[in-house]
Amino acid sequence: MLILAPSVLSADFARLAEHIQTVESAGADWLHLDVMDGLFVPNLSFGQPVVRAIRAVTTLPLDVHLMIQDPGRYLDSFAQAGADILTIHLEACVHLHRNLQQIKALGLQAGVALNPHTPVESLWPVLPDLDLVCLMSVNPGFGGQAFIPATMNKLAALDRYRKEHGFTFRIEIDGGVDLINAASLMQAGADVLVAGNSVFGQADAAQAVRAFKAIR
Ligand code: DX5
Ligand code: ZN
């Protein structure tokens, strides 16, 4: 069963509560929150105050994607703000294993995100510690970009390795996901699809959520 995680990056920030209510009522499973520091990625988005405000208006799990250099500095504060899942970038961590242990010690689910150029094999040593692997299918920093096709090979390799070793972490695809590529991503092993432009960028976001959830 697909876990659909609409990304509020593409929502109207002045009407966030209303937009979140719309996708929650329509059947969205998680909310994906993109935190950008202007250093690890060439853009700024929002931080803990907005996560806390969103926590107050929804019961959906908050899937917080930290595009932050050296995220160990902020894990505690995002836990306090109400995150359920904290995903950090392998490329942003000098001590990835330590940072993952910090997330687990906070009682949250731990995820690692990989940029398009990072091989999935670089995750093998930390897979036993993970609840989620997020494969970036665009270069992080902006919504509404085109899906990078090479993601499919990475997804297949990761899913194969997961089956061979009996791991239970979820695989999330983030960037350029739409109603056209969603089915093939799910067939290739994706459990969670992040959708920004293809949900909040649509005239009828509720209908977009229902269309994703109807994909088999
Ligand atoms: C990109 C973010 C994505 C973004 C996806 O850096 O990590 O979560 O919101 O947006 P779409 O679905 O529009 O590509
Ligand atoms: Zn994201």
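Numbered by my numbering, the letters in the sequence shown go through residues 8 to 223 in order. Just so it is clear, CB atoms sit at the ideal spot from N, CA and C, and this is done for glycine as well.
- Between Asp-70 and Ile-95, the beta carbon gap of about 13 Å keeps them out of contact (Cβ cut-off 8 Å).
- Its Cα nearest to that of Asp-138, the residue Leu-107 stands out among Gly-148, Leu-107 and Thr-158.
- The residue among His-72, Ala-210 and Leu-9 with its C-alpha nearest the C-alpha of Phe-149 is His-72.
- The residues Ser-205, in chain order, have a CB closer than 6 Å to that of Asp-185 in the same chain once the five nearest residues on each side in sequence are set aside.
- If the five residues before and after Ala-215 are omitted, its C-beta is found closer than 7 Å to the C-beta atoms of Ser-205, Val-206 and Gln-209, all from its own chain and listed in chain order.
- The three-state secondary structure of Arg-223, taken from DSSP, is coil.
- Cys-100 and Ser-17 have their alpha carbons spaced roughly 27 Å apart.
- With respect to the 9 Å criterion, Gly-173 and Val-201 are not classified as neighbours on the basis of their beta carbons.
- Around the Cβ of Ser-144, a 10 Å sphere holds 16 or more other Cβ atoms; the residue is buried.
- Between the beta-carbon of Gln-109 and that of Gly-79 there is about 6 Å, and that keeps the pair under the 8 Å contact cut.
- Going by DSSP, Arg-59 is part of the alpha helix (DSSP H) stretching over 55-62.
- When DSSP states are grouped into helix, strand and coil, Gly-118 belongs to the strand group.
- Between the region 22-30 and the region 42-50 there are fewer than three C-beta pairs closer than 8 Å, too few to call the two in contact.
- Residue Asp-166 holds the alpha-carbon nearest to the alpha-carbon of Trp-131 among Asp-211, Ala-157 and Asp-166.
- DSSP places Glu-31 in the uninterrupted alpha helix (DSSP H) bounded by 23-33.
- Remark: C-beta atoms of Leu-67 and Glu-98 do not approach each other more closely than 9 Å.
- Between the C-alpha atoms of Ala-195 and Ile-155 there is a straight-line separation of about 15 Å.
- Looking at the DSSP output, Leu-192 bridges to nothing.
- A distance below 7 Å between beta-carbons, with the five flanking residues on each side excluded, links Pro-147 to the following residues of its chain, in chain order: Val-48, Met-74 and Asn-122.
- Remark: C-beta atoms of Pro-56 and Ala-212 do not approach each other more closely than 9 Å.
- Taking Leu-103 as the centre and dropping the five residues before and after it, the same chain places the C-beta of Ile-95, Leu-97, Val-119 and Val-133 closer than 8 Å to its C-beta, in chain order.
- Remark: the C-beta of Asn-204 is in contact range of the ligand DX5, defined as less than 8 Å to any heavy atom.
- As the crow flies, the alpha-carbon of Ile-187 is around 16 Å from that of Ala-157.
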